[in-house]
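Contents: one structure, followed by commentary.
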Amino acid sequence: MSFSITTWNINSVRLRMPIIEKLVMQQQPDILCLQETKVINDLFPLAPLRAMGYEHIIIHGQKGYHGVAIASRIPLVEDHRQDFCGVGDARHISAIFERGGRRVRLHNFYVPAGGDEPDRTINPKFGHKLDFIEEMKQLHANAEPDTSAILVGDLNIAPLENDVWSHKQLLKIVSHTPVETEGLLEVIRGGAWVDLMRQTVPASEKLYTWWSYRAKDWEEANRGRRLDHIWGSADLGPLLQRIDILKEARGWDRPSDHVPVTAHFDL
DNA sequence: ATGGTCGTCTTACGA
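Numbered per full-length UniProt numbering, the first sequence spans residues 1 to 267.
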């Protein structure tokens, strides 16, 4: 048995339906996790996703901002939303699925971007991001008995030196400041998560999932960051076949600034 | 060069 899961910050799900269809045609993931859907639940485009074979869809949206969704070809049970920082943002959705006799808890996150100034005393958005990361430290990969776990999403932090185009030049840029990168690594360590993308690509290699809209030529500049992540409980590590980062999707018509990341498992 | 370009609650603001 094989199983694949894709995470993609889509930056408006309604605007991106054409490239979501393109992704599904190419990759056919069993589960598709989206972030920044930017739409209330009543207006979420369920029909086209169902037409692509995703009959099990759970959504958590709000008007204009944030929003997460899980679209699955296998049944989802026990769906759950956690209101991180208690501010009512649609930034987390979770469900359980079963595959190959295994029970798996799936978390889909959209972590706050954190604004421009990496100082919580003058930038409340940065404080919110740090508080959100602090709350994520409660999240353990082995929290539930006889249940594996996968955590995906746009975590808006590039934790390792080679997760950004220039470690030195980005040390004071939100997404790569030491307080963020150390915080995210503590979430990983404390929760006994495995960074599955880095299990297959050594930390010495550059790895990006996001390229800014603002570059004149994103591909030529190649000033990317690894903001999107796929983590797993340790038992899933040996079952991982490969990770695909679909860089070409950054060049598709009306692209998101993030590209899809897909994990393939023997599961 | 402290810019640039996307998106939506669009002439403001978040990313």
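Every residue, glycine too, gets a C-beta built ideally from N, C-alpha and C. Everything numeric in this text was worked out from a predicted model, so none of it was measured.
Where R189 is concerned, the enclosing alpha helix (DSSP H) starts and stops at P178 to G190. For D79, the closest of M25, I70 and P45 by C-alpha to C-alpha distance is I70. Assigned with DSSP and collapsed to three states, N11 falls in coil, not helix or strand. Spatial neighbours of T177 in its own chain (CB-CB distance under 8 Å, excluding positions within 5 residues in sequence) are listed in chain order as P118 and L171. In the structure shown, the three-state DSSP call for H128 is helix. The three-state secondary structure of N108, taken from DSSP, is strand.
Under the 10 Å beta carbon count, P145 is surrounded by fewer than 16 other beta carbons and is classified as exposed. Of the residues assessed, L139 falls on the buried side of the cut-off, its CB having 16 or more other CB atoms within 10 angstroms.
In the DSSP assignment, T6 is bridged to L32 and T262. In this structure, A203 is the residue among V13, P238, A203 and G191 with its C-alpha nearest to the C-alpha of P159.
Partner residues in the beta bridge of H56, as assigned by DSSP, are S72.
Bridge partners of R242 according to DSSP: H264. Beta-bridge pairing by DSSP links F97 to V104.
If you look at L151, you'll find it in the beta strand (DSSP E) that goes S148 to D154.
Around the CB of Q241, fewer than 16 other CB atoms lie within 10 Å, so the residue is classed as exposed. In the DSSP assignment, E78 falls within the beta strand (DSSP E) that extends over V77 to H80.
Taking a cut-off of 8 Å on C-beta distances, the region 53-60 touches the region 76-91, as three or more cross pairs fall below it.
Where W165 is concerned, there is no enclosing alpha helix (DSSP H), because DSSP gives it neither an H nor an E. In the structure shown, G115 adopts coil according to DSSP, grouped into three states.
Under DSSP, H92 forms a beta bridge with F109. The continuous stretches of alpha helix (DSSP H) do not include W193, which lies in the beta strand (DSSP E) extending over residues W193 to D195. Here the alpha carbons of R223 and Q169 stand approximately 11 Å from one another. Secondary structure at I133: helix, using DSSP grouped into helix, strand and coil.
Straight across, the Cα-Cα distance linking H128 with P112 is about 7 Å. Taken atom to atom, the span from the alpha-carbon of L227 to that of Q28 is near 23 Å. F84 sits away from Q35, with the two beta carbons spaced by 9 Å or more. Relative to the Cα of L185, the nearest Cα in the group S212, L207 and L155 belongs to L155.
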